[in-house]
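J.: There's a structure below that I have some questions on.
There are 2 protein chains.
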Amino acid sequence: MNQSPIEQNGQTANSTAAGGAVQSEVRAKAILAGSAARRMASLSTDEKNAALLAMADALNAEAASLIEANREDLERGRANGTSESLLDRLMLSEARIASIADALKLVADLPDPTGKVLETIERPNGLRIEKVSVPLGVIGIVYEARPNVTVDAAALCLKTGNAVVLRGGSAALSTNRRIAEVLRAALAGTALPPEALQVIEDASRSSVDEMLKLNGLLDVIIPRGGRSLIDNVVRNATVPVIETGAGVCHTYLDASANAEMAAEIAINAKVQRPSVCNSMETLIVHADFAQRGLRALADELLRLKVELRGDERTRALLPEAKPASDEEYGTEYNDYILNIKIVDGLDEAVAHISRFGTKHSECIVTEDEVNAVRFLNEVDAAAVYHNASTRFTDGFEFGFGAEIGISTQKLHARGPMGLPALTSSKYRIYGTGQIRP
Amino acid sequence: MNQSPIEQNGQTANSTAAGGAVQSEVRAKAILAGSAARRMASLSTDEKNAALLAMADALNAEAASLIEANREDLERGRANGTSESLLDRLMLSEARIASIADALKLVADLPDPTGKVLETIERPNGLRIEKVSVPLGVIGIVYEARPNVTVDAAALCLKTGNAVVLRGGSAALSTNRRIAEVLRAALAGTALPPEALQVIEDASRSSVDEMLKLNGLLDVIIPRGGRSLIDNVVRNATVPVIETGAGVCHTYLDASANAEMAAEIAINAKVQRPSVCNSMETLIVHADFAQRGLRALADELLRLKVELRGDERTRALLPEAKPASDEEYGTEYNDYILNIKIVDGLDEAVAHISRFGTKHSECIVTEDEVNAVRFLNEVDAAAVYHNASTRFTDGFEFGFGAEIGISTQKLHARGPMGLPALTSSKYRIYGTGQIRP
Numbered sequence: 001m002n003q004s005p006i007e008q009n010g011q012t013a014n015s016t017a018a019g020g021a022v023q024s025e026v027r028a029k030a031i032l033a034g035s036a037a038r039r040m041a042s043l044s045t046d047e048k049n050a051a052l053l054a055m056a057d058a059l060n061a062e063a064a065s066l067i068e069a070n071r072e073d074l075e076r077g078r079a080n081g082t083s084e085s086l087l088d089r090l091m092l093s094e095a096r097i098a099s100i101a102d103a104l105k106l107v108a109d110l111p112d113p114t115g116k117v118l119e120t121i122e123r124p125n126g127l128r129i130e131k132v133s134v135p136l137g138v139i140g141i142v143y144e145a146r147p148n149v150t151v152d153a154a155a156l157c158l159k160t161g162n163a164v165v166l167r168g169g170s171a172a173l174s175t176n177r178r179i180a181e182v183l184r185a186a187l188a189g190t191a192l193p194p195e196a197l198q199v200i201e202d203a204s205r206s207s208v209d210e211m212l213k214l215n216g217l218l219d220v221i222i223p224r225g226g227r228s229l230i231d232n233v234v235r236n237a238t239v240p241v242i243e244t245g246a247g248v249c250h251t252y253l254d255a256s257a258n259a260e261m262a263a264e265i266a267i268n269a270k271v272q273r274p275s276v277c278n279s280m281e282t283l284i285v286h287a288d289f290a291q292r293g294l295r296a297l298a299d300e301l302l303r304l305k306v307e308l309r310g311d312e313r314t315r316a317l318l319p320e321a322k323p324a325s326d327e328e329y330g331t332e333y334n335d336y337i338l339n340i341k342i343v344d345g346l347d348e349a350v351a352h353i354s355r356f357g358t359k360h361s362e363c364i365v366t367e368d369e370v371n372a373v374r375f376l377n378e379v380d381a382a383a384v385y386h387n388a389s390t391r392f393t394d395g396f397e398f399g400f401g402a403e404i405g406i407s408t409q410k411l412h413a414r415g416p417m418g419l420p421a422l423t424s425s426k427y428r429i430y431g432t433g434q435i436r437p
Numbered sequence: 001m002n003q004s005p006i007e008q009n010g011q012t013a014n015s016t017a018a019g020g021a022v023q024s025e026v027r028a029k030a031i032l033a034g035s036a037a038r039r040m041a042s043l044s045t046d047e048k049n050a051a052l053l054a055m056a057d058a059l060n061a062e063a064a065s066l067i068e069a070n071r072e073d074l075e076r077g078r079a080n081g082t083s084e085s086l087l088d089r090l091m092l093s094e095a096r097i098a099s100i101a102d103a104l105k106l107v108a109d110l111p112d113p114t115g116k117v118l119e120t121i122e123r124p125n126g127l128r129i130e131k132v133s134v135p136l137g138v139i140g141i142v143y144e145a146r147p148n149v150t151v152d153a154a155a156l157c158l159k160t161g162n163a164v165v166l167r168g169g170s171a172a173l174s175t176n177r178r179i180a181e182v183l184r185a186a187l188a189g190t191a192l193p194p195e196a197l198q199v200i201e202d203a204s205r206s207s208v209d210e211m212l213k214l215n216g217l218l219d220v221i222i223p224r225g226g227r228s229l230i231d232n233v234v235r236n237a238t239v240p241v242i243e244t245g246a247g248v249c250h251t252y253l254d255a256s257a258n259a260e261m262a263a264e265i266a267i268n269a270k271v272q273r274p275s276v277c278n279s280m281e282t283l284i285v286h287a288d289f290a291q292r293g294l295r296a297l298a299d300e301l302l303r304l305k306v307e308l309r310g311d312e313r314t315r316a317l318l319p320e321a322k323p324a325s326d327e328e329y330g331t332e333y334n335d336y337i338l339n340i341k342i343v344d345g346l347d348e349a350v351a352h353i354s355r356f357g358t359k360h361s362e363c364i365v366t367e368d369e370v371n372a373v374r375f376l377n378e379v380d381a382a383a384v385y386h387n388a389s390t391r392f393t394d395g396f397e398f399g400f401g402a403e404i405g406i407s408t409q410k411l412h413a414r415g416p417m418g419l420p421a422l423t424s425s426k427y428r429i430y431g432t433g434q435i436r437p
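Quick note, the sequences are listed as chains R and U, same order. So for the first sequence, full-length UniProt numbering puts the first residue at 1; every next one is plus one. So for the second sequence, full-length UniProt numbering puts the first residue at 1; every next one is plus one.
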């Protein structure tokens, strides 16, 4: 019913709005999502969960047609010379579809974060004010090639009563289109309006650019993908953004660190899964610890095929390490490469993190409680650890049962985002005729 | 210590950074604020309160020099033909300074929202995860001519452990510069680093433009002012923004509304202070109520010098009303003008609000509990009222003891923002050597 965006902004493109004005696909679908969002907000938890289960069943039932659509993407990708690892991420099999459908059922099982009274205020004039959790409204998701994100992001948004506009990568276009058809057909038999799920098929860059400026139609945009995708969204969006992303994470081995624990944590943070944002890029080592423990730890890292880079003090102890300068210390490798930096104490470690960190996940390994408390207080990051691997920064590892992403900004949500990150709030005020004096 | 923004982004302007690179005033001051922000985060509540009280004392002690600086602005304003009402808002007197200083003391008295454990999670692997409230970091405030905002915004940001970069209007430049000198001199005798308070003196538009793009140096920008200032910030900032502002607020008189209460609420919402964002712009009236109560209410509004505009049904009952079309229904008058719209029921009222409202404050006056609940649930706005004036949407009226602004967006904070809106959170994770399997 909110026609004003249509009237204010005539656009030329490939679909037609009620008023007869020609709309772009992005704008037309965002308007449909907005209209569905108003109905979404009054669905019960049971109605939303039933819709998610219907979506899961439909994915399994339509596995063959999804795999067929996916084959088009794979063939186009192969013809375009797409790498095997990217093709593997894009590929759907019956087993993968079953696992995506299972994930949908798990989302249905999670508690509904909307409709909760978060705060009650009784005023002297008799007004009763309730702060209640509500859906955000219409969420835009901009992401890359993995088709599981299409289902996963849709499920998390719909579970929280939001409408969603999904804009995936062009490499997965046929798959995403078919997923949308299957899911929307499944929704048609439920209380959840199919229009709440919109998939943008315009694979050109301009469809992303348009989404980023849809103030009044999108309530938030969440980018999911690599650095350049996220940077483009952050730098160009006028719609509010939840920034997720980059992790130049550090582990600091303090003078008093237990050598065995230090080695286990450092190795886990580096090699358990180097390609992800919460893995370690730089190991900071107190000079005392370096004297007694760095050689053995470095040998273990080298055995695990980790390339070492370090400052001069590091290279004095580890001659095989390549030199590391500011550029290396600022790089998110996401690979079997580790910077090492030797420091004389906590202040220098905190200063290094403050200079090169991305405020994602930072760890101190120490037996000194005072240093632990100082580190946890003074390091400005979404997650700060004492004696545990930074790899735990994850919605599932935090017990949220879901993860929309890991926020590296400070507004709204910070760190791993579970379902409550997809909600806003409103104030309901109950009066008996109060007026302002 | 975070030098990377300097290194990445050489700028040409009027001040010089540590590294010798020439910096703009905005960038240099944001870097100083960022360095102070790290110290701010570890101040105690007592240290911050002592600093606020020292600031209050200094304002009173320096009243004469503040008034002298203010006189320069007033004279320049008069020479430029500034309106008397604007000059009045700009003007400082001893009484006004005392009242600004008193407001500072009230901020000191408020509870500190930082350092609170918001949530504790115990994981099966023994990890203990605490979510703790922390300052946002560096807050940019872009505002217009009123010098009290300089003090007020500074106080709220510093109380919450943030550093602040203030960019006020050019009309108040001499006053703001002197306020900054006085406050920073006062801070020099406290634990709070004076660098946490930065006032931009570059009154050109380009200093605002630069602030809006200072990702990595500013954590958030809050615009305070009129529509065009806010729109400029929202449309051009790549730093996260908390949007405050526009209110096209409605009051809906349902069929069952108590006529006396309806009139009191409607009149209060319109005329108690028409110039502010939570005042009513459009009165929506159920046809049944219109038959029995609109004439008397309209007569009272006319007596109070309110110009009436309405649709055809309204004008059939109130021939003196001017016609209202979509343009009028979408306008925030902030004046003694009121649109009226007659509807046949709740759905039509909600649809009108959905189409023309700005998601600020919306009210239903009704004796029908079912309609009240539906209205409060279905209307998407920061504050939804049953039987009370929309004029209560205000941090002080909500009992927050402060107000940074009224957020009309859905991320982070929505509605009146008290001190907690100036905080973020971080996760502290306590382990005993846990690694991820």
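Glycine is no exception: its CB is placed at the ideal position from the N, C-alpha and C atoms.
How far does the alpha helix (DSSP H) with residue 268(R) in it reach, from first residue to last?
T.: Within the first sequence, numbered from 1, the residue matching residue 268(R) stands at position 268. Note, residue 268(R): alpha helix (DSSP H), 259-271.
J.: At what residue ranges does the stretch 199-259 of chain R contain a whole run of the beta strand (DSSP E), taking only runs of 3 or more?
T.: The qualifying runs are 220-224 and 249-253.
J.: Does the beta-carbon distance from residue 59(R) to residue 402(R) come in below 7 Å?
T.: Along the first sequence, read from residue 1 onward, the residue named residue 59(R) stands at position 59. Along the first sequence, read from residue 1 onward, the residue named residue 402(R) stands at position 402. Not closer than 7 Å, so no.
J.: Is there a Cβ of chain U sitting closer than 7 Å to that of residue 434(R), yes or no?
T.: Stepping through the first sequence from its first residue, residue 434(R) is reached at position 434. For residue 434(R), the answer is yes, since a Cβ of chain U falls inside 7 Å of its Cβ.
J.: Looking at C-beta atoms only, is the number of pairs between the stretch 24-35 of chain U and the stretch 408-423 of chain U that lie closer than 8 Å three or more?
T.: no
J.: Taking 6 Å as the limit between beta carbons, can you name the residues of its chain near residue 70(U), skipping five residues before and five after?
T.: Taking the first residue of the second sequence as position 1, residue 70(U) is located at position 70. Closer than 6 Å at the Cβ level, and outside the excluded window around residue 70(U), lie 92 and 175.
J.: Check the Cβ of residue 228(R) against every Cβ in chain U and list those closer than 9 Å, keeping chain order.
T.: On the first sequence, position 228 is the one that residue 228(R) refers to. Result: empty, since nearest Cβ-Cβ is about 15 Å, beyond 9 Å.
J.: Would you tell me roughly how many angstroms separate the C-alpha atoms of residue 110(R) and residue 45(R), rounded to the nearest one?
T.: For the purposes of this step, residue 110(R) is taken as residue 110 along the first sequence, with counting starting at 1. For the purposes of this step, residue 45(R) is taken as residue 45 along the first sequence, with counting starting at 1. Their backbone Cα atoms lie some 10 Å apart in a straight line.
J.: Please state the DSSP three-state secondary structure of residue 449(R).
T.: Only positions 1 to 437 of chain R appear in this structure, which leaves residue 449(R) out of reach.
J.: Taking 7 Å as the CB-CB cut-off, is residue 419(U) touching chain R?
T.: Position 419 of the second sequence holds residue 419(U). Not one chain R Cβ lies under 7 Å of residue 419(U).
J.: Look at the Cβ atom of residue 387(U), then the Cβ atom of residue 373(U), and state whether they are nearer than 7 Å.
T.: Locating residue 387(U) in the second sequence gives position 387, counting from the first residue. Locating residue 373(U) in the second sequence gives position 373, counting from the first residue. Taking 7 Å as the Cβ cut-off, residue 387(U) and residue 373(U) do not qualify as a contacting pair.
J.: Check whether the Cβ atoms of residue 149(R) and residue 62(R) sit closer than 7 Å, and answer yes or no.
T.: By 1-based counting over the first sequence, the position of residue 149(R) is 149. By 1-based counting over the first sequence, the position of residue 62(R) is 62. No, the pair does not count as a contact, with Cβ atoms beyond the cut-off.
J.: With a threshold of 7 Å between beta-carbons, can residue 392(R) be considered close to chain U, or not?
T.: Taking the first sequence and counting its residues from 1, the one referred to as residue 392(R) is at position 392. Proximity of residue 392(R) to chain U, defined by a Cβ-Cβ separation below 7 Å, is satisfied.
J.: Just to confirm, is the Cβ distance from residue 280(R) to residue 244(R) under 7 Å?
T.: Along the first sequence, read from residue 1 onward, the residue named residue 280(R) stands at position 280. Along the first sequence, read from residue 1 onward, the residue named residue 244(R) stands at position 244. In this structure, residue 244(R) does not lie closer than 7 Å to residue 280(R) by Cβ.
J.: Per DSSP, which residues does residue 163(U) bridge with? Please list them.
T.: Counting from one through the second sequence, the residue named residue 163(U) turns up at place 163. Residue 163(U) pairs with 138(U).
J.: Does residue 431(U) have its Cβ less than 7 Å from a Cβ in chain R?
T.: Here residue 431(U) refers to the residue found at position 431 when the second sequence is read from its first residue. Any Cβ of chain R closer than 7 Å to the Cβ of residue 431(U) would place that residue at the interface, and such an atom is present.
J.: If we ignore side chains and look at the alpha-carbon of each, how far apart do residue 80(U) and residue 172(U) end up?
T.: Position 80 of the second sequence, counted from the first residue, corresponds to residue 80(U). Position 172 of the second sequence, counted from the first residue, corresponds to residue 172(U). Rounded to whole angstroms, the separation of the alpha carbons of residue 172(U) and residue 80(U) is 13 Å.
J.: Please name the residue or residues paired with residue 405(R) in a DSSP beta bridge.
T.: In the first sequence, counting from the first residue as 1, residue 405(R) sits at position 405. 417(R).
J.: For residue 272(U) and chain R, any beta-carbon pair shorter than 7 Å?
T.: What you label residue 272(U) is simply residue 272 of the second sequence in a count that begins at 1. Residue-level contact check: residue 272(U) touches chain R, since one or more beta carbons of chain R fall below 7 Å from its beta carbon.
J.: Using a beta-carbon distance cut-off of less than 8 Å, what residues from the stretch 178-203 of chain U approach chain R?
T.: none
J.: Would residue 276(R) and residue 304(R) qualify as a contact pair, given that the criterion is a beta-carbon distance under 7 Å?
T.: Residue 276(R) sits at position 276 when you count from the first residue of the first sequence. Residue 304(R) sits at position 304 when you count from the first residue of the first sequence. In this structure, residue 304(R) does not lie closer than 7 Å to residue 276(R) by Cβ.
J.: Counting only C-beta atoms, is residue 5(R) closer than 7 Å to chain U at any point?
T.: Looking up residue 5(R) in the first sequence gives position 5. Any reading at residue 5(R) must be qualified, since the residue scores a pLDDT of 36, below 50, and its modelled position is unreliable; no value is offered.
J.: Measuring alpha carbon to alpha carbon, tell me which residue in 137(R), 256(R) and 362(R) is nearest residue 163(R).
T.: As a working mapping, residue 163(R) is identified with position 163 in the first sequence. Checked all of 137(R), 256(R) and 362(R); the closest Cα to residue 163(R) is 137(R).
J.: If you count every other CB in all the chains shown that lies within 10 Å of the CB of residue 393(R), and 16 or more means buried, which is it?
T.: Your numbering for residue 393(R) matches position 393 in the first sequence. By the neighbour-count rule (16 or more Cβ atoms within 10 Å), residue 393(R) is buried.
J.: Quick check on residue 261(R) - is its C-beta less than 7 Å from some C-beta in chain U?
T.: Translated into the one-based positions of the first sequence, residue 261(R) becomes position 261. By this cut-off, residue 261(R) is an interface position.
J.: Beta-carbon of residue 334(R) versus every beta-carbon of chain U: anything under 7 Å?
T.: Indexing the first sequence from 1 puts residue 334(R) at position 334. By this cut-off, residue 334(R) is not an interface position.
J.: Can you tell me whether residue 126(U) is helix, strand or coil according to DSSP?
T.: Residue mapping note: residue 126(U) aligns to position 126 of the second sequence, counting from 1. Here residue 126(U) sits in coil by DSSP.
J.: What are the residues in the stretch 394-414 of chain R lying within 8 Å of chain U by C-beta distance?
T.: 397, 398, 399, 409, 410, 411, 412 and 414
J.: What separation, rounded to the nearest whole angstrom, lies between the Cα atoms of residue 134(R) and residue 75(U)?
T.: By 1-based counting over the first sequence, the position of residue 134(R) is 134. By 1-based counting over the second sequence, the position of residue 75(U) is 75. It is roughly 50 Å from the alpha-carbon of residue 134(R) to the alpha-carbon of residue 75(U).
J.: Would you kindly work out how many angstroms separate the C-alpha atoms of residue 72(U) and residue 85(U), rounded to a whole number?
T.: Your numbering for residue 72(U) matches position 72 in the second sequence. Your numbering for residue 85(U) matches position 85 in the second sequence. When rounded, the distance between both Cα atoms is 17 Å.
J.: So which of 219(U), 343(U), 266(U) and 67(U) has the shortest CA-CA distance to residue 412(U)?
T.: Taking the first residue of the second sequence as position 1, residue 412(U) is located at position 412. Per the Cα distances, 219(U).
J.: Using the beta-carbon of each residue, which ones in chain U are nearer than 8 Å to residue 426(R)?
T.: Indexing the first sequence from 1 puts residue 426(R) at position 426. Result: 380, 381, 382, 383, 384, 414 and 415.
J.: Shortest alpha-carbon distance to residue 107(U) belongs to which of 52(U), 193(U), 236(U) and 316(U)?
T.: Taking the second sequence and counting its residues from 1, the one referred to as residue 107(U) is at position 107. Per the Cα distances, 52(U).
J.: Can you find a C-beta in chain R that's less than 7 Å from the C-beta of residue 264(U)?
T.: Mapped onto the second sequence, residue 264(U) falls at position 264. Closer than 7 Å to some Cβ of chain R, the Cβ of residue 264(U) qualifies, so yes.
J.: By DSSP, does residue 305(R) sit in helix, in strand, or in coil?
T.: The count along the first sequence starts at 1 and reaches residue 305(R) at position 305. Note: residue 305(R) maps to coil in three-state DSSP.
J.: Label residue 432(U) either buried or exposed according to how many other C-beta atoms from any shown protein chain fall within 10 Å of its C-beta, with 16 as the threshold for buried.
T.: Start at 1 with the first residue of the second sequence, and residue 432(U) comes out as number 432. Residue burial annotation: residue 432(U) is exposed, with fewer than 16 other C-beta atoms found within 10 angstroms of its C-beta.
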